[in-house]
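Just below is one structure, and these are the notes that go with it.
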Amino acid sequence: MKAVQFSEHGDRDVIEYGDFPDPEIDRDEVLVDIKAGALNHLDVWTRRGMPGIDLDMPHIPGSDGAGVVEEVGEGVTRFEPGDRVAVTAGLYCGDCEFCRHGEESMCVRFQIKGEHTRGVHSEKAAVPEDNLVPVPEGVDWEVAGSASLVFQTAWRMLLDRGELKPSEKILVLGASGGVGHAAVQIADYVGAEVYATASTDEKLGYAEDCGADHVINYEDEDFAAQIRDLTGRRGVDMVVDHIGAATWSDSLKSLAKGGRIVTCGATTGGQPETNINRIFWNQLEVIGSTMATPGQVDDALELVWDGTFEPRIRETLPMSEAARAHELLENREGFGKVVVIPDSEL
Ligand SMILES: [Zn+2]
Numbered sequence: 000m001k002a003v004q005f006s007e008h009g010d011r012d013v014i015e016y017g018d019f020p021d022p023e024i025d026r027d028e029v030l031v032d033i034k035a036g037a038l039n040h041l042d043v044w045t046r047r048g049m050p051g052i053d054l055d056m057p058h059i060p061g062s063d064g065a066g067v068v069e070e071v072g073e074g075v076t077r078f079e080p081g082d083r084v085a086v087t088a089g090l091y092c093g094d095c096e097f098c099r100h101g102e103e104s105m106c107v108r109f110q111i112k113g114e115h116t117r118g119v120h121s122e123k124a125a126v127p128e129d130n131l132v133p134v135p136e137g138v139d140w141e142v143a144g145s146a147s148l149v150f151q152t153a154w155r156m157l158l159d160r161g162e163l164k165p166s167e168k169i170l171v172l173g174a175s176g177g178v179g180h181a182a183v184q185i186a187d188y189v190g191a192e193v194y195a196t197a198s199t200d201e202k203l204g205y206a207e208d209c210g211a212d213h214v215i216n217y218e219d220e221d222f223a224a225q226i227r228d229l230t231g232r233r234g235v236d237m238v239v240d241h242i243g244a245a246t247w248s249d250s251l252k253s254l255a256k257g258g259r260i261v262t263c264g265a266t267t268g269g270q271p272e273t274n275i276n277r278i279f280w281n282q283l284e285v286i287g288s289t290m291a292t293p294g295q296v297d298d299a300l301e302l303v304w305d306g307t308f309e310p311r312i313r314e315t316l317p318m319s320e321a322a323r324a325h326e327l328l329e330n331r332e333g334f335g336k337v338v339v340i341p342d343s344e345l
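In structure tokens:
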């Protein structure tokens, strides 16, 4: 088969699209004929290399994908050949104390397919049965292959970890990214008042389409000052910050008393300066979140499949242009998800 792959960490030029041995399935795995996949920021980190993660090379990246079941292992009970499926990338052990409490994304052995193990940006992929969800007829492959990671992440972060309420005000930073645009849609669905930032007026227009009530161009304006102005100096109840070092301090400044900051990533760096005085005096909460439980994945994707939520497609590229797909993410070009499709499917 053909697969996106790299044999060493580095810049975008390490990415190739070429032959790779066909995957073999274990008894609890499913062989999926991949129709579409999508990129996430962790694909960029994985390509560059992260401390403590030692990959089997060559590595196939990709945590999001969807396709048709081609073959099932003898222990598989939920799927059969011909079924339409999407990948959910969280890998968990099933028997640690957190898994036993239904908190699979807190698993002590938690990993993400594509980041810690081989991913799905290839013509075929072997995927554990537990890491697939059914996709109804009528859902486009681009939607099916791009929704899972960002919608499950935003769903758990806002509703479970953050406990967002309809009466609250929420600020979503970086609303043009995958998680950002999912968070805007979920917050709007809940009924919260949504503030969103992005770097261009065009991206802000898309954020409004996704449900943002107020938009701030962070290139032109100090977003913390804007939030103070727009909320009568009160601040917002929740900030979604997956940007990290570049925004952390202003995110804390944007919070009302008792407000909470939720984070699922730190694309500009994970070690910002932080004002502890502001945290205790204003009684703020800092809340981390990663991926989601299988039940939360089902809940979030159900609302994608019925059209309530929609992953916006920034660009669709053949897998042979995966390096360009990485460039779109690294240069923060466009709005929403970057989709890749096996060249043989085009
Ligand atoms: Zn576990």
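Under numbering that gives the first Met the number 0, think of the first position of the sequence shown as 0, with each following residue one higher. Where a beta carbon is used, it is the ideal one built from N, C-alpha and C, also for glycine.
Output the distance between the C-alpha atoms of D342 and G257, rounded to the nearest integer angstrom. Reading the sequence shown from its first residue, position 343 is the one you call residue 342. Reading the sequence shown from its first residue, position 258 is the one you call residue 257. Computed Cα separation, rounded: 51 Å.
On the CB-based measure, 16 or more other CB atoms within 10 Å of its CB, does P165 come out buried or exposed? By one-based count along the sequence shown, residue 165 stands at place 166. Exposed, because fewer than 16 other Cβ atoms sit within 10 Å of the Cβ of P165.
Uninterrupted beta strand (DSSP E) stretches inside the stretch 288-322 (no shorter than 3 residues): 312-317
Exposure of T45, with buried meaning 16 or more beta-carbon neighbours within 10 Å: What you label residue 45 is simply residue 46 of the sequence shown in a count that begins at 1. Burial call: buried.
Flag C95 as yes when its Cβ comes closer than 8 Å to any non-hydrogen atom of ligand 1, and as no otherwise. The sequence position of residue 95 within the sequence shown is 96, counting from 1. Yes.
For H325, collect the residues of the same chain with a Cβ closer than 8 Å to its Cβ; drop the 5 residues on either side in sequence, then sort them by chain order. For this step, residue 325 is matched to residue 326 along the sequence shown. Excluding residues within five positions, the ones whose Cβ falls inside 8 Å are R11, I14, L38, D42, V43, R46.
Spell out the partners DSSP gives V43 in its beta bridges. The sequence position of residue 43 within the sequence shown is 44, counting from 1. Partner(s): none; V43 has no beta bridge.
Looking at C-beta atoms only, is the number of pairs between the stretch 261-277 and the stretch 116-134 that lie closer than 8 Å three or more? no
CA nearest to the CA of A143, picked from E301, M318, G89, P317: Walking along the sequence shown from the start, residue 143 turns up at place 144. For A143, the nearest C-alpha among the options comes from E301.
Using beta-carbon positions only, say whether T87 and P317 come within less than 9 Å of one another. Counting from 1 along the sequence shown, the entry for residue 87 is found at position 88. Counting from 1 along the sequence shown, the entry for residue 317 is found at position 318. Going by C-beta atoms, T87 is not nearer than 9 Å to P317.
Contact belief for V149 with V178 at Cβ below 8 Å, rounded distance in angstroms: Taking the sequence shown and counting its residues from 1, the one referred to as residue 149 is at position 150. Taking the sequence shown and counting its residues from 1, the one referred to as residue 178 is at position 179. Indeed they touch by this definition, with Cβ atoms about 5 Å apart.
Where I348 falls, given that 16 or more other Cβ within 10 Å makes a residue buried: Because the chain here runs from 0 to 345, residue 348 falls outside it and cannot be looked at.
Within 10 angstroms of the Cβ of S147, are there 16 or more other Cβ atoms? Answer buried if so, exposed if not. Position 148 of the sequence shown, counted from the start, is the residue given in the question as residue 147. Under this definition S147 is a buried residue.
Express the C-alpha separation of G89 and E314 in angstroms, rounding to a whole number. Sequence index remark: in the sequence shown, residue 314 carries index 315 (1-based). Sequence index remark: in the sequence shown, residue 89 carries index 90 (1-based). Looking at the two C-alpha atoms, the distance is approximately 25 Å.
With respect to 8 Å, is the separation between the Cβ of V107 and the closest non-hydrogen atom of ligand 2 below this value? Among the ligands modelled here, namely ligand 1, ligand 2 does not occur.
For L54, which of S198, E28, C92, Q110 has the nearest alpha-carbon? Here residue 54 refers to the residue found at position 55 when the sequence shown is read from its first residue. Here the closest residue by C-alpha is Q110.
Alpha carbons only, please: which of D249, L229, E284 is nearest the one belonging to E192? If you number the sequence shown from 1, residue 192 lands on position 193. When each option's Cα is compared against that of E192, the closest is L229.
Under the three-state DSSP convention, the category D94 falls into: By one-based count along the sequence shown, residue 94 stands at place 95. D94: coil per DSSP, three-state reduction.
Which value, in whole angstroms, describes the spacing of the CA atoms of S319 and R233? For this step, residue 319 is matched to residue 320 along the sequence shown. For this step, residue 233 is matched to residue 234 along the sequence shown. Approximately 50 Å between the Cα atoms of the pair.
Inter-residue Cα distance where the pair is R77 and E344: In the sequence shown, counting from the first residue as 1, residue 77 sits at position 78. In the sequence shown, counting from the first residue as 1, residue 344 sits at position 345. Going from the Cα of R77 to the Cα of E344 covers about 26 Å.
Is the beta carbon of C263 within less than 8 Å of some heavy atom of ligand 1? As a working mapping, residue 263 is identified with position 264 in the sequence shown. No, the beta carbon of C263 sits no closer than 8 Å to any heavy atom of ligand 1.
Identify every residue that forms a DSSP beta bridge with T246. Start at 1 with the first residue of the sequence shown, and residue 246 comes out as number 247. None; T246 has no bridge partner.
Mapping DSSP to helix, strand and coil, what is E69? By 1-based counting over the sequence shown, the position of residue 69 is 70. In the structure shown, E69 sits in a strand (DSSP, three-state: E or B).
With H, G and I counted as helix, E and B as strand and the rest as coil, what does DSSP make of D283? Counting from one through the sequence shown, the residue named residue 283 turns up at place 284. Note that residue 283 corresponds to Leu in the displayed sequence, not to Asp. Looking at L283 - three-state DSSP - the assignment turns out to be coil, as it is neither helix nor strand.
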